[in-house]
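*Asks:* First to last, the sequence lines map onto chains Z and E.
For the first sequence, position 127 matches number 127 in this note's numbering, and the numbering has no gaps at all.
For the second sequence, position 95 matches number 95 in this note's numbering, and the numbering has no gaps at all.
Think of the CB as a built atom: it goes at the ideal place given N, C-alpha and C, for glycine as much as any other residue.
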Amino acid sequence: MQRYSVFAVAREALRFHKGWQRAWRSPAPKKRYDAIIVGAGGHGLATAYWLGRNHGIRNVAILEKGWLGGGNTGRNTTIIRSNYLQDPSAAIYEKSRSLYETMSQDLNYNVMFSPRGVIMLAQTHHEVRGYQRTAHANALQGVTTEFIGPDRVKKLVPIINIHGPRYPVLGGLWQARGGTARHDAVAWGYARACSDMGMDVIQQCEVTAIRRDGGRVTGVATTKGDIACDKLGLVVAGHSGVLADMAGFRLPIESVALQALVSEPIKPCMDVVVMANTVHGYMSQSDKGEMVIGGGADGYNNYTQRGSFHHIEETVRALVETFPMISRLKMLRQWGGIVDMTGDRSPILSKTPVDGIFVNCGWGTGGFKAIPGSGWAMAELMAKGTSPLADPFSMFRFREGRFIDESVAAGVAH
Amino acid sequence: MLILTCPNCGIAADETELSPGGQAHLKRFGPGSDDSDFEGYLFLRDNPRGVHFERWRHAMGCGKWFHAARCTVTNEVFATYSAQTSEPPQDVLDRITARRPDWQS
Chain Z
1 MQRYSVFAVA REALRFHKGW QRAWRSPAPK KRYDAIIVGA GGHGLATAYW LGRNHGIRNV
61 AILEKGWLGG GNTGRNTTII RSNYLQDPSA AIYEKSRSLY ETMSQDLNYN VMFSPRGVIM
121 LAQTHHEVRG YQRTAHANAL QGVTTEFIGP DRVKKLVPII NIHGPRYPVL GGLWQARGGT
181 ARHDAVAWGY ARACSDMGMD VIQQCEVTAI RRDGGRVTGV ATTKGDIACD KLGLVVAGHS
241 GVLADMAGFR LPIESVALQA LVSEPIKPCM DVVVMANTVH GYMSQSDKGE MVIGGGADGY
301 NNYTQRGSFH HIEETVRALV ETFPMISRLK MLRQWGGIVD MTGDRSPILS KTPVDGIFVN
361 CGWGTGGFKA IPGSGWAMAE LMAKGTSPLA DPFSMFRFRE GRFIDESVAA GVAH
Chain E
1 MLILTCPNCG IAADETELSP GGQAHLKRFG PGSDDSDFEG YLFLRDNPRG VHFERWRHAM
61 GCGKWFHAAR CTVTNEVFAT YSAQTSEPPQ DVLDRITARR PDWQS
């Protein structure tokens with residue numbers, strides 16, 4: 001692999017940029033792999049990457065129906081944080097956040113991780129108590145967060161209106177080491193690193209059936225022919241239910257559309273991420289200057305990748321109250337992604353009723369921040385059959401009543 | 001915007017007037033059922049990419065529950081029908097197969 005560095009840039013500049021190589025190969029599928037990962041989004045590629053890096057399993061294919069990182073990896077609002085209430089969540093998200101800190105160096109690919117800090121606003125007394133509790137829990141979990149008062153919020157975010165008529169800002173949960181990263185670069189960086197380890201990233205290759213023999217997976221049928229494998233990882237977010245159906249089991253997952261939008265680019269005005277869960281909106285400013293805005297998910301199952309208009313209206317209305325200066329901004333574009341929601345709003349990293357099939361899904365509205373940690377845990381689970389980070393997230397927890405109930409803890413947008 | 005006609009009051013209601021209620025025709029389990037029955041009833045849901053039967057409530061209108069058959073990819077509404085049914089009526093199934101000849105329930 002051609003390493004990227006300041007010297008490489010200088011060398012190529014002198015050669016009129018004619019010497020750059022492709023970042024990853026696009027091979028035809030082999031007949032057989034040790035492991036196949038379905039889904040070349042962030043989570044799938046990270047799983048493959050850590051299978052190779054941590055467990056020496058490198059005869060791996062990553063199959064993608066569309067193009068690399070073209071699903072939710074390229075559709076999210078890129079927020080990275082780990083201020084969760086429940087221990088299993090805090091453990092995996094904090095692992096993930098810490099891996100983001102070194103990702104650019106690990107992958108030799110600039111993912112533009114920007115630890116600019118994340119504030120979750122407390123706008124009701126209930127929320128104040130909730131976030132104080134989370135801050136105490138985080139202290140015990142080794143996650144650095146603090147509860148800050150409204151003056152400090154105003155200092156960190158000068159454009160905020162803390163005296164809103166209906167929902168004044170009463171404080172906030174501040175995670176200074178949270179932030180954002182370039183979402184496409186995460187997928188591209190992992191793809192390049194996987195390809196460099198000899199793995200095959202195969203795009204435009206849809207899985208149409210899962211082959212089983214006596215309760216064990218033997219391979220997959222795809223639009224590019226049959227491929228055999230020992231282990232199969234399903235990492236397809238919103239379409240997990242469709243693949244589970246092919247493998248003959250059900251998942252506690254429902255898919256809904258979640259939307260985001262960006263404004264026209266403006267000069268730098270806000271250098272932290274602000275989430276306002278009571279009024280249902282969150283916002284950050286991208287390096288290009290666009291205000292990146294996200295809000296609530298649709299309430300009903302759909303795969304439209306559009307989302308309902310009234311949710312955007314709700315979100316924007318709330319944010320205009322919170323940040324009066326954005327009222328005159330024009331919206332540049334809006335899009336939707338399909339998020340996979342579980343009953344307790346926590347993900348599933350699990351073995352399945354079929355031997356050799358593993359599933360990683362249910363990240364719902366907050367999967368981007370979890371990409372490296374999820375891949376780390378999923379790779380360990382696939383290689384060893386058990387993983388301290390993944391085990392609490394088994395799909396069997398619903399039968400056993402062991403919920404990781406972030407739906408109560410986080411309420412929304414987590 | 002999604003528009004569903006409430007079969008109880010006959011009003012064509014915008015989705016802002018409605019509350020979604022999840023998958024329709026769930027089989028309920030009571031005391032004495034085993035864990036996997038409860039898991040299925042409480043958590044496991046059909047999540048089809050296509051025809052879906054679901055519950056809605058005309059929350060900002062007549063307040064009553066009803067059922068809808070809708071395509072989750074295109075949001076095409078095939079029919080809305082009474083909530084007092086334990087499975088989709090034949091005329092609803094006929095309307096779906098007229099629009100989706102390959103569909104199997």
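#1: Between the segment 31-44 of chain Z and the segment 224-238 of chain Z, do three or more beta carbon pairs fall short of 8 Å?
#2: Counting only beta-carbon separations shorter than 8 Å, does Arg99 (chain E) have a partner in chain Z?
#3: Extract the residue ranges of the beta strand (DSSP E) inside the segment 215-243 of chain Z, only unbroken runs of 3 or more that lie entirely within it.
#4: Give the residues of chain Z in contact with Thr72 (chain E), contact being defined as C-beta atoms less than 8 Å apart.
#5: From Ile79 (chain E) to Ile202 (chain Z), what distance separates their C-alpha atoms?
#6: Give the residues of chain E in contact with Phe398 (chain Z), contact being defined as C-beta atoms less than 7 Å apart.
#7: For His67 (chain E), list the residues DSSP reports as bridge partners.
#8: Are the CB atoms of Gly69 (chain Z) and Ala257 (chain Z) nearer to each other than 8 Å?
#9: Going along the segment 241-273 of chain Z in order, which residues come within less than 9 Å of chain E, judged by CB to CB distance?
#10: Output the boundary residues of the beta strand (DSSP E) element that contains Glu254 (chain Z).
#11: Less than 8 Å between CB atoms is the rule here; does Leu2 (chain E) satisfy it with respect to chain Z?
#12: So, is Arg3 (chain Z) buried or exposed, given that buried needs 16 or more other C-beta atoms within 10 angstroms?
#13: When the Cα atoms are used, what is the spatial distance from Val339 (chain Z) to Thr365 (chain Z)?
#14: Might you give, ordered along the chain, the residues of its own chain that have their beta carbon closer than 7 Å to the beta carbon of Val169 (chain Z), omitting 5 neighbours on each side?
#15: Considering Ser33 (chain E), what are the terminal residues of the beta strand (DSSP E) in which it resides?
#16: Output the boundary residues of the beta strand (DSSP E) element that contains Met275 (chain Z).
#17: Based on the DSSP secondary-structure assignment, which residues constitute the bridge partners of Trp335 (chain Z)?
#18: Which residues share a DSSP beta bridge with Asn360 (chain Z)?
#19: What are the uninterrupted segments assigned as beta strand (DSSP E) that are 3 or more residues long and contained completely in the segment 75-124 of chain Z, given in chain order?
#20: Would Phe393 (chain Z) count as contacting chain E if we go by Cβ distances under 8 Å?
#21: At a Cβ cut of 7 Å, what residues of the segment 303-329 of chain Z count as close to chain E, listed as they run along the chain?
#22: Look at the alpha carbon of Glu254 (chain Z) and the alpha carbon of Leu107 (chain Z), and state the distance between them as a whole number of angstroms.
#23: Which residue from Z:Gly171, Z:Trp24 and Z:Gly39 puts its Cα closest to that of Gly238 (chain Z)?
#24: Tell me whether Met270 (chain Z) sits in a helix, a strand or coil according to DSSP, three-state version.
#25: Quick one: Cα of Gly289 (chain Z) to Cα of Ser114 (chain Z), how far?
#26: What does the Cβ neighbour count give for His414 (chain Z), buried or exposed, with the cut at 16 atoms within 10 Å?
#27: Looking at the strands, I want to know which residues DSSP matches up with Tyr33 (chain Z).
#28: Going by DSSP, what residues sit across from Phe147 (chain Z) in a beta bridge?
#29: Within its chain, find whatever has a CB closer than 7 Å to the CB of Asp230 (chain Z); leave out the 5 residues flanking it on each side and keep chain order.
#30: Can you name, in chain order, every residue of its own chain whose Cβ lies under 7 Å from the Cβ of Val6 (chain Z), other than the five neighbours on each side?
#31: Check whether chain Z comes within 8 Å of Glu76 (chain E), counting only Cβ atoms and requiring the distance to be less than that.
#32: Considering Asp196 (chain Z), what are the terminal residues of the alpha helix (DSSP H) in which it resides?
#33: Does the separation of the CB atoms of Met275 (chain Z) and Val157 (chain Z) fall below 8 Å?
#34: Using a beta-carbon distance below 8 Å, is Thr16 (chain E) in contact with chain Z?
#35: Give the DSSP bridge partners of Val157 (chain Z), in chain order.
#36: What's the call for Cys361 (chain Z), buried or exposed, on a 16-neighbour Cβ count within 10 Å?
*Replies:* Short version:
#1: Enough Cβ pairs lie closer than 8 Å, so yes.
#2: As a working note, residue 99 (chain E) is residue 99 in the second sequence. No, Arg99 (chain E) does not count as interfacial toward chain Z.
#3: Listed in chain order, they are 216-222 and 225-234.
#4: Counting from 1 along the second sequence, the entry for residue 72 (chain E) is found at position 72. Per Cβ cutoff of 8 Å: Ser255, Asn301, Asn302, Tyr303 and Thr304.
#5: In the second sequence, counting from the first residue as 1, residue 79 (chain E) sits at position 79. In the first sequence, counting from the first residue as 1, residue 202 (chain Z) sits at position 202. First, the amino acid is wrong: residue 79 (chain E) is Ala here, not Ile. Computed Cα separation, rounded: 40 Å.
#6: Working through the first sequence from its first residue, we reach residue 398 (chain Z) at position 398. Within chain E, Glu39 and Phe43 have C-beta atoms less than 7 Å from the C-beta of Phe398 (chain Z), given in sequence order.
#7: Position 67 of the second sequence holds residue 67 (chain E). His67 (chain E) pairs with E:Arg55 and E:Tyr81.
#8: Stepping through the first sequence from its first residue, residue 69 (chain Z) is reached at position 69. Stepping through the first sequence from its first residue, residue 257 (chain Z) is reached at position 257. 8 Å or more divides the Cβ of Gly69 (chain Z) from the Cβ of Ala257 (chain Z).
#9: Of all residues in the segment 241-273 of chain Z, Gly241, Val242, Ala244, Asp245, Arg250, Leu251, Pro252, Ile253, Glu254 and Ser255 have a Cβ within less than 9 Å of some Cβ in chain E.
#10: Along the first sequence, one-based indexing puts residue 254 (chain Z) at 254. Ile253 to Ser263 is the extent of the beta strand (DSSP E) around Glu254 (chain Z).
#11: For the purposes of this step, residue 2 (chain E) is identified with residue 2 of the second sequence, where counting begins at 1. Taking Cβ atoms only, chain Z reaches closer than 8 Å to Leu2 (chain E), which makes this a yes.
#12: Within the first sequence, residue 3 (chain Z) is the residue found at index 3, counting from 1. Classification of Arg3 (chain Z): exposed, given that the 10 Å Cβ count is below 16.
#13: Walking along the first sequence from the start, residue 339 (chain Z) turns up at place 339. Walking along the first sequence from the start, residue 365 (chain Z) turns up at place 365. Computed Cα separation, rounded: 6 Å.
#14: Counting from one through the first sequence, the residue named residue 169 (chain Z) turns up at place 169. The beta carbon of Val169 (chain Z) sits closer than 7 Å to those of Leu121, Gln123, Pro150, Val153, Ile160 and Ile162, all from its chain and outside the five residues before and after it, given in chain order.
#15: Your numbering for residue 33 (chain E) matches position 33 in the second sequence. First-last for Ser33 (chain E): undefined, no H or E at that position.
#16: Sequence index remark: in the first sequence, residue 275 (chain Z) carries index 275 (1-based). From DSSP, the beta strand (DSSP E) with Met275 (chain Z) extends over Val273 to Ala276.
#17: Locating residue 335 (chain Z) in the first sequence gives position 335, counting from the first residue. For Trp335 (chain Z), which the question treats as bridged, DSSP gives the partners Z:Ala260.
#18: As a working mapping, residue 360 (chain Z) is identified with position 360 in the first sequence. Paired residue(s): Z:Leu349.
#19: If one requires a minimum length of 3 residues, the beta strand (DSSP E) runs lying completely within the segment 75-124 of chain Z are 118-122, in chain order.
#20: By one-based count along the first sequence, residue 393 (chain Z) stands at place 393. Cβ-Cβ to chain E under 8 Å: no for Phe393 (chain Z).
#21: If the cut-off is 7 Å between Cβ atoms, the segment 303-329 of chain Z has Tyr303, Thr304, Ser308, Phe309 and His310 near chain E.
#22: Here residue 254 (chain Z) is taken as the residue at index 254 of the first sequence, counted from 1. Here residue 107 (chain Z) is taken as the residue at index 107 of the first sequence, counted from 1. Distance between the alpha carbons of Glu254 (chain Z) and Leu107 (chain Z) is about 33 Å.
#23: As a working mapping, residue 238 (chain Z) is identified with position 238 in the first sequence. Of Z:Gly171, Z:Trp24 and Z:Gly39, the residue nearest in Cα terms is Z:Gly39.
#24: The count along the first sequence starts at 1 and reaches residue 270 (chain Z) at position 270. Residue state, collapsed to three classes: coil.
#25: In the first sequence, counting from the first residue as 1, residue 289 (chain Z) sits at position 289. In the first sequence, counting from the first residue as 1, residue 114 (chain Z) sits at position 114. Looking at the two C-alpha atoms, the distance is approximately 14 Å.
#26: Taking the first sequence and counting its residues from 1, the one referred to as residue 414 (chain Z) is at position 414. At His414 (chain Z), the pLDDT of 48 sits below 50, so the modelled position is not reliable and the matter cannot be decided from this model.
#27: The residue you call residue 33 (chain Z) lines up with position 33 of the first sequence. Answer is Z:Cys229, bridged to Tyr33 (chain Z).
#28: Here residue 147 (chain Z) is taken as the residue at index 147 of the first sequence, counted from 1. Bridge partners of Phe147 (chain Z): Z:Leu173.
#29: Here the question's residue 230 (chain Z) lines up with position 230 in the first sequence. Taken in chain order, the residues that qualify are Asp34, Ala35 and Gly356.
#30: On the first sequence, position 6 is the one that residue 6 (chain Z) refers to. Nothing meets the Cβ criterion.
#31: If you number the second sequence from 1, residue 76 (chain E) lands on position 76. Put simply, the CB of Glu76 (chain E) is far from chain Z, with every gap to its CB atoms at 8 Å or more.
#32: In the first sequence, the residue the question calls residue 196 (chain Z) occupies position 196. That run of the alpha helix (DSSP H) goes His183 to Asp196.
#33: Sequence index remark: in the first sequence, residue 275 (chain Z) carries index 275 (1-based). Sequence index remark: in the first sequence, residue 157 (chain Z) carries index 157 (1-based). Contact: no.
#34: Numbered from its first residue, the second sequence carries residue 16 (chain E) at position 16. For Thr16 (chain E), at least one C-beta of chain Z is nearer than 8 Å to its own C-beta.
#35: Position 157 of the first sequence holds residue 157 (chain Z). According to DSSP, which records beta bridges pairwise, Val157 (chain Z) is partnered with nothing at all.
#36: Residue 361 (chain Z) sits at position 361 when you count from the first residue of the first sequence. Around the CB of Cys361 (chain Z), 16 or more other CB atoms lie within 10 Å, so the residue is classed as buried.
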